[in-house]
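**Q** Note that my numbering has the first sequence beginning at 859, numbered continuously upward. Each residue gets a CB set at the ideal place from its N, CA and C atoms; glycine is no exception. Note that the structure is a prediction, hence the values are computed from the model and not measured. Quick one: the structure is below, and I'll ask about it shortly.
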Amino acid sequence: MPELPEVETVLRGIQPHIEQQTIKKVVIRHYGLRWPIPHNITVILKNKKIETVERRAKYLLLRTITGTAIIHLGMSGSLRVLTDVISPQKHDHVDIIFSNNKILRFTDPRRFGAFLWTNDDPMLHPLLKHLGPEPLSNDFSVQYLWKQVQNRSLSIKLFIMDSKIVAGVGNIYANEALFQAGIYPAMPTKLITLQQCQQLVRAIKQILRQAIRQGGTTLKDFVDSEGRPGYFTQRLKVYGRAEEACMHCTTRLQTMIIGQRSTVYCRRCQSG
DNA sequence: CAGAATACCTGCGGGC
DNA sequence: TGCCCGCAGGTATTCT
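This is how it looks when you write it as structure tokens:
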């Protein structure tokens, strides 16, 4: 489930419960995520205080004075704060138990997620080092994108999903942003106009902001046991709506595969 | 180097 | 009911 807005929502949800809290114990039930969880992570984290929790792209960073835990939720991961002990289910791979008795529980059926540790500046970690600007920052600007699109033949959709170009735009929001910007998803990047860059930057920022706002409302009770959220679905204009009517012009929405992933678009509204 | 394909893993829904 | 297939919100790695 995690795209950037959800990771941001998770961050805001767990932050007040775990920041400045000391880890009492860590339980690992399954080390085999995308990369193995460091075998000594329980020792490393014991008695460490979480100074801050941050997000970079879709990574969550739990900073301590000596190092940082790097967490990624992959395609199916989730994090919840438990205030009562609830017996772990099949895919509950990690529990971090704090001295205030709250438990941060990491769940991930597909195990595409990651739970790593670095002693160094996490921004220099190989996974984070090459990330492009945060889409909601001023660094992600029209001028920046305009410069990047020059002389590349890649489709614009894959381009904005490339984390080296801009961090954190996944399949759902790439579809949505391209619809809002009125751009044909398979358009080669080098054919994108300056005006389209402007529309696209604006669309990406607006869609992500809006989704974060929604996440904040629909995900508000995930601290409790039953946090199965259904967030954004109501607001999506194209994703998951193949064969349905375009909300702008009622044309039947079409599907195409770009980079092995489904792409939904309106051939009338996104002809540019 | 850019771009395309592949790989990791489990669950779910649909068709038979 | 059960089996097989395709598909799922990510992204590093391998290939051409």
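Note the first and the last residue of the continuous alpha helix (DSSP H) segment covering TYR1031.
**A** On the first sequence, residue 1031 is found 173 positions in, with the first residue counted as 1. That run of the alpha helix (DSSP H) goes 1029 to 1039.
**Q** Just tell me which of GLN1053, GLN1068 and LEU937 has its CA closest to the CA of LEU994.
**A** Translated into the one-based positions of the first sequence, residue 994 becomes position 136. Closest option to LEU994, Cα to Cα, is GLN1068.
**Q** Near LEU1058, which residues of its chain fall below 6 Å by C-beta distance, leaving aside the five closest residues on each side in sequence?
**A** Counting from 1 along the first sequence, the entry for residue 1058 is found at position 200. Within the same chain, LEU1058 has close Cβ partners ALA1039.
**Q** If VAL911 and GLU861 are in contact, beta carbons under 8 Å, what's the gap, nearest whole angstrom?
**A** To locate residue 911, count along the first sequence from 1; it is residue 53. To locate residue 861, count along the first sequence from 1; it is residue 3. About 18 Å separates the two Cβ atoms, so there is no contact after all.
**Q** Let's see if you can read the secondary structure: which residues bound the beta strand (DSSP E) around GLU992?
**A** As a position in the first sequence, residue 992 is number 134, starting the count at 1. Per DSSP, GLU992 belongs to no beta strand (DSSP E) and is neither H nor E.
**Q** For ARG1125, which of LEU1036, ILE1030, ILE872 and LEU891 has the nearest alpha-carbon?
**A** Along the first sequence, one-based indexing puts residue 1125 at 267. Comparing Cα positions, the closest option is LEU1036.
**Q** What residue from HIS888, LYS883 and ILE908 has the CA that sits closest to VAL901's CA?
**A** Your numbering for residue 901 matches position 43 in the first sequence. Among HIS888, LYS883 and ILE908, the Cα nearest to that of VAL901 is on LYS883.
**Q** Within 10 angstroms of the Cβ of THR941, are there 16 or more other Cβ atoms? Answer buried if so, exposed if not.
**A** For the purposes of this step, residue 941 is taken as the residue at position 83 of the first sequence. Exposed: under 16 other Cβ atoms inside 10 Å.
**Q** Per DSSP, what are the beta-bridge partners of GLU912 in this structure?
**A** Numbered from 1 along the first sequence, position 54 holds the residue referred to as residue 912. According to DSSP, which records beta bridges pairwise, GLU912 is partnered with LEU919.
**Q** What residues in its chain sit with their C-beta under 6 Å from that of LYS987, if we drop five residues either side in the sequence?
**A** Sequence index remark: in the first sequence, residue 987 carries index 129 (1-based). Correct list: empty, nothing qualifies.
**Q** If we ignore side chains and look at the alpha-carbon of each, how far apart do ILE928 and ALA1044 end up?
**A** Against the first sequence, residue 928 aligns to sequence position 70. Against the first sequence, residue 1044 aligns to sequence position 186. Rounded to whole angstroms, ILE928 to ALA1044 spans 34 Å at the Cα level.
**Q** Would DSSP call HIS930 helix, strand or coil?
**A** Within the first sequence, numbered from 1, the residue matching residue 930 stands at position 72. Strand.
**Q** What would DSSP say about ARG1060, mapped onto helix, strand or coil?
**A** On the first sequence, position 202 is the one that residue 1060 refers to. Note: ARG1060 maps to helix in three-state DSSP.
**Q** Grab the span of the beta strand (DSSP E) containing ILE955 for me, first residue to last.
**A** By one-based count along the first sequence, residue 955 stands at place 97. Here the beta strand (DSSP E) through ILE955 covers 950 to 956.
**Q** Just the C-alpha distance for ARG1086 and LYS906, rounded to the nearest angstrom, thanks.
**A** One-based indexing of the first sequence puts residue 1086 at position 228. One-based indexing of the first sequence puts residue 906 at position 48. Caution is warranted here: a pLDDT of 46 is assigned to ARG1086, below 50, making its placement in the model unreliable, and the coordinate value is therefore given only provisionally. Approximately 30 Å between the Cα atoms of the pair.
**Q** Do ARG887 and VAL952 have their CB atoms nearer than 9 Å?
**A** Stepping through the first sequence from its first residue, residue 887 is reached at position 29. Stepping through the first sequence from its first residue, residue 952 is reached at position 94. Taking 9 Å as the Cβ cut-off, ARG887 and VAL952 qualify as a contacting pair.
**Q** Looking at the unbroken alpha helix (DSSP H) that takes in PHE1002, where does it start and where does it end?
**A** On the first sequence, residue 1002 is found 144 positions in, with the first residue counted as 1. The amino acid occupying residue 1002 in the given sequence is Tyr; Phe does not appear at that position. Segment 1000 to 1007, the alpha helix (DSSP H) holding TYR1002.
**Q** For ALA1100 and THR1113, which I take to be in contact (beta-carbon distance under 8 Å), what is that distance rounded to the nearest angstrom?
**A** Residue numbering aside, residue 1100 sits at position 242 when the first sequence is read from its first letter. Residue numbering aside, residue 1113 sits at position 255 when the first sequence is read from its first letter. Yes, they are in contact, since the Cβ atoms of ALA1100 and THR1113 sit about 4 Å apart, within 8 Å.
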